[in-house]
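Asker: Below: one structure in structure tokens.
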Amino acid sequence: MDARFVTDANKWTPDWVVELPDFATVAVPDDAKDEFHHHLFVFMRNEFNHGYSGRTIAVHGVGRVNEWKLNTSDGRERPRLWVASREGTLALFLAGQGEPQDDDIETWRRGVETALSSHGARQQVSWTAILSQRQTFPLAPSGDKLSSAEAAGGLTFRLLDGCIAEDVPVNMRGVGIMITERFHWPIRVDGSTSCYSWNEDGEWRTAQRLRTLSALLSVAWESCWTLREGPRDPAVEFAGTTGPLIGTSSRTIPEDSPLATGRPVTIPAWLERAELAVSDDAKLLESALLMHHEGVLLGRDHSSLSLVCFVAAIETIAQISKRPERCRECKSVLSSAQRFRDAIKTVLDENETEALAEAYSKRSKTVHQGTLYGAEIRMNSMGAMSLFLSDPILGFTMGTVTTAQRASRALILAKLGVESPEYGQSD
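Structure (structure tokens):
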């Protein structure tokens, strides 16, 4: 191949380009390219341990290619590997500067040979994880209780071991910060993940999926769920634990206790469909969902930052349906406030829309000036809570932020094609 056909758009031009000996074309379909790259660079990392980097470039005479650069300990430039998709196969080229070195070419050839021999060697690894509910309001003692074991999306959900009490801090008038009990019903989730290796990509892929599931359940039940333990091998046991959970502050509450009631919930019938929709969308829906979840996680103790999260989630949802206008000069997004207002008025009444639209400036002052508006200013003390005197901090924490959360949740559910369900209902 002639170097005259190579672009210099990325400020690097090879002196020579050749097909990789014995592997000019390999039978790897485009949808398996990531697996091929994985096996290739596992070999390279084990052999050389100097790292690698990659980018996508356009090359005259070849087309769009993935360019991979193998780092060296002495700073010498090895030839780069070019991978181009060609109708169900991959075309492999080496592009380099200076004189070609046989050992460099052999390095890439051995790596490709090893990658092809390992192709298709993914495994299904079983795991278990514990989801737990966080307290969203300091004086709310009890939580959600899964009504029955259910399966969805290749996962099984069941109560871990009944009602659990754990220590949580609250701010009480006349006492200040103190430790009290929070009652909840942890959920055990069992599933499996297709991966190359649990330690390489299985664990983080599973943890990422569990984050999405926690966010979806939090939206469905309008509560706050997160990963308490795992993901881990189901056979792993921890010595010294006194109950079903790791740690020493949790206590099992007898079923006949008047505290062990809880609000019954069921796994949403739309959970699997929603998980697929989030993964298929061009990241905007996933970003909105996770940002909403951040707001829920922060809401109890950090309401100003929680509002920032809910506003961001609303703005992100608004961008899915309406592509934002950008400044021709600086490329910054224009009309964000109006787009925010247009979005919330579809799920809030007129008075709520006006009130939340006015709060948009408070969010901006928190982001740009570090201003706090909620009860976090008083270490989450609500103050006197008088019936005769208004309290802007109480109004912000219990009014503005909760309205923003409700609007964000409704918009996310609408984008998922789900009508806002009553608490605990599946559809």
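Residue 637, in the numbering used here, is where the sequence shown stops; the numbers in between run on with no holes. Ideal Cβ positions, reconstructed from N, Cα and C, are used throughout, including at glycine. Just so you know, these numbers come straight off a predicted model, no measurement behind them.
Could you pull the start and end residues of the alpha helix (DSSP H) that G321 belongs to?
Answerer: Element bounds for G321: 312 to 328.
Asker: Do R274 and A158 count as a contact pair if the criterion is CB distance below 9 Å?
Answerer: For residue 158 there is no data in the structure shown, the boundaries of the chain being 211 and 637.
Asker: Could you tell me which of S358, I397, N381, G440 sits nearest to W408, measuring between CA atoms?
Answerer: W408 has its Cα closest to that of G440, out of S358, I397, N381, G440.
Asker: Assign F215 to buried or exposed, taking buried as 16 or more other Cβ atoms, counted over all protein chains shown, within 10 Å of its Cβ.
Answerer: Bear in mind that the predicted position of F215 carries a pLDDT of just 47, short of 50, making it too unreliable to give a figure here.
Asker: Where does Q615 sit, in a helix, a strand or coil, going by DSSP?
Answerer: In the structure shown, Q615 sits in a helix (DSSP, three-state: H, G or I).
Asker: Using a Cβ-Cβ cutoff of less than 7 Å, which residues in the same chain neighbour D511 once the five nearest sequence positions on both sides are dropped?
Answerer: Same-chain partners within the cutoff: E586, N590.
Asker: Have a look at L356 and H394 and give me their C-alpha separation to the nearest angstrom.
Answerer: Computed Cα separation, rounded: 10 Å.
Asker: Beta-carbon within less than 6 Å of D314's beta-carbon, same chain only, minus the 5 sequence neighbours each way: which residues are those?
Answerer: Around D314: R288, P289.
Asker: Within a Cβ cutoff of 7 Å, which residues of the same chain sit near L370, ignoring the five residues on either side of it in sequence?
Answerer: For L370, where only same-chain residues beyond five positions count, the Cβ hits under 7 Å are I340, P396, I397, R398, P454.
Asker: Just the Cα atoms here: how many angstroms apart are P224 and L291?
Answerer: If you take the alpha carbons of P224 and L291, they lie about 11 Å apart.
Asker: According to DSSP, is F347 helix, strand or coil?
Answerer: DSSP places F347 in coil when its eight states are reduced to three.
Asker: What is the DSSP secondary structure of P602, reduced to helix, strand or coil?
Answerer: Helix at P602.
Asker: By the 10 Å Cβ neighbour count, where 16 or more other Cβ atoms means buried, how is F448 classified, buried or exposed?
Answerer: F448 comes out exposed.
Asker: From E564, A569, A565, A528, pick the residue whose C-alpha is nearest to that of K625; which is it?
Answerer: Of the listed residues, the one whose Cα sits closest to K625 is A528.
Asker: Quick check on G450: buried or exposed, where buried means 16 or more other Cβ atoms within 10 Å of its Cβ?
Answerer: Counting Cβ neighbours within 10 Å, G450 comes out exposed, since fewer than 16 surround it.
Asker: Which of the three DSSP states is assigned to M501 in this structure?
Answerer: The answer is helix: DSSP assigns M501 an H, G or I state.
Asker: From the DSSP output, in three-state form, read off T338 for me.
Answerer: Strand, per DSSP.
Asker: Between the C-alpha atoms of A234 and H329, what's the straight-line distance to the nearest angstrom?
Answerer: Looking at the two C-alpha atoms, the distance is approximately 17 Å.
Asker: From R392 to R461, what does the alpha carbon distance come to, in whole angstroms?
Answerer: The alpha-carbon atoms of R392 and R461 are separated by roughly 10 Å.
Asker: Can you give the beta carbon distance from E465 to G363, rounded, assuming they're within the 8 Å contact cut?
Answerer: Going by Cβ atoms, the distance from E465 to G363 rounds to 29 Å, so no, they are not a contact pair.
Asker: Considering Cα atoms alone, identify which of A479, E560, M388, C373 is closest to T471.
Answerer: Checked all of A479, E560, M388, C373; the closest Cα to T471 is C373.
Asker: Which class does I267 belong to by DSSP, given the choice of helix, strand or coil?
Answerer: Reduced to three states, the DSSP call for I267 is strand.
Asker: Determine, using beta carbons only, whether V429 comes closer than 9 Å to chain D.
Answerer: No chain D appears in the structure shown, which is made up of a single protein chain.
Asker: Secondary structure at D225, three-state DSSP: helix, strand or coil?
Answerer: In this structure, D225 counts as coil in the three-state DSSP scheme.
Asker: I'd like to check one pair, W278 with H247: are the Cβ atoms closer than 9 Å?
Answerer: Yes, Cβ-Cβ distance for H247 and W278 is below 9 Å.
Asker: I want to know whether the region 504 to 523 touches the region 607 to 620 - three or more CB-CB distances under 8 Å.
Answerer: The region 504 to 523 is in contact with the region 607 to 620.
Asker: Give the DSSP-derived three-state secondary structure of A180 in the structure shown.
Answerer: The shown model of the chain, from 211 to 637, leaves out residue 180, and the question about it has no answer.
Asker: Alpha carbon to alpha carbon, how far is L641 from V628?
Answerer: It is not possible to answer for residue 641, since the shown part of the chain is limited to 211 through 637.
Asker: Around the C-beta of A620, are 16 or more other C-beta atoms found within 10 angstroms, so that it is buried, or is it exposed?
Answerer: Buried.
Asker: Count the CB pairs spanning the region 552 to 568 and the region 513 to 528 that are closer than 8 Å, and state whether there are at least three.
Answerer: Touching, per the Cβ criterion.
Asker: Need the endpoints of the alpha helix (DSSP H) that M254 sits in, please.
Answerer: Element bounds for M254: 243 to 258.
Asker: Under 8 Å by Cβ, that's how I've got F606 and S516 pegged, so tell me the actual separation to the nearest angstrom.
Answerer: At roughly 10 Å, the Cβ-Cβ gap does not stay under 8 Å, so F606 and S516 are not in contact.
Asker: By a C-beta neighbour count over all protein chains shown, 10 Å radius and 16 as the cutoff for buried, is I610 buried or exposed?
Answerer: Sequence inspection shows Thr at residue 610; the Ile mentioned does not correspond to that position. Under this definition T610 is a buried residue.
Asker: What's the C-alpha gap between T338 and A445?
Answerer: Between T338 and A445, the C-alpha separation is close to 9 Å.
Asker: In whole angstroms, give me the CA-to-CA distance for V227 and E360.
Answerer: The alpha-carbon atoms of V227 and E360 are separated by roughly 57 Å.
Asker: Q345: buried (16+ other C-beta within 10 angstroms of its C-beta) or exposed?
Answerer: Looking at its Cβ environment, which holds 16 or more other Cβ atoms inside 10 Å, Q345 is buried.
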